[in-house]
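Structure, as structure tokens:
Residue numbers (the working numbering), protein chains in the order written: chain B, 1 to 112; chain D, 1001 to 1116.
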């Protein structure tokens, strides 16, 4: 079945450091790919998405590129802030209104 | 626009008791999902509704879990009787109905359930 694997956390970075969170997926066909973020005490929020190969999703300085050849969707940010501290989830879904399949999440802590 | 509303935010019960959660999706969203998020893991689908019909309940433990969306708007999820392994955050999400590309799902803040 479909699955998502993302790097284990926690990840601790200093403010203004470069962030990469790795995500790979297993799925047949052409799923859509997502990054969701969960701030402490809050629900999941969509951070960015990509629906086809070579698409780049971006939002709030975060970026991820849909790489079909490596089945990856790594999340990057050039300069993290303390306010980026949260749990980040990589997810996929098949075309249409289908459920999301999530990775286990990666906790990011950014220290000043 | 108002987001997905869930209640209660927290619930503590003893094992073998029953509990119910409520979700009100974003207005106009025909698709509603319930996910279970166990500590340290990503959310996993329990059930998906399209309007008031069930699309996918293959992962719902039907011996103890039930869910309904009678009028195609709000939904309730019930556990009876609860087990210790049901301790989790229960997330409700909704999306517009659509074909082709995936519609983004909008999540509520969840209900954190603790079983003693």
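All C-beta atoms, glycine included, are put in the ideal place defined by N, C-alpha and C.
Check: With 16 other CB atoms within 10 Å as the buried threshold, where does residue 30 of chain B fall?
Finding: exposed
Next item on the list: Answer with yes or no whether the minimum CB distance from residue 42 of chain B to chain D is below 7 Å.
Entry: yes
Next item on the list: Compare the C-beta of residue 19 of chain B with all C-beta atoms of chain D and state if any pair is closer than 7 Å.
Entry: no
Notebook entry, point to check: Under the three-state reduction of DSSP, which class applies to residue 3 of chain B: helix, strand or coil?
Noted result: strand
Notebook entry, point to check: Are the beta-carbon atoms belonging to residue 46 of chain B and residue 64 of chain B less than 7 Å from one another?
Noted result: no
Item checked: Interface residues of chain D facing residue 115 of chain B [CB-CB closer than 8 Å] -> Outside the shown range of chain B, which is 1 to 112, sits residue 115 of chain B, and nothing can be said about it.
Margin query: Which residues in chain D have a C-beta closer than 7 Å to the C-beta of residue 99 of chain B? List them in chain order.
Written below: Correct list: 1033, 1045, 1048, 1056.
Margin query: Under 8 Å: do the segment 1048-1062 of chain D and the segment 1026-1037 of chain D share three or more Cβ pairs, one atom per stretch?
Written below: Segments in contact, yes.
Notebook entry, point to check: Under three-state DSSP, which class holds residue 82 of chain B?
Noted result: helix
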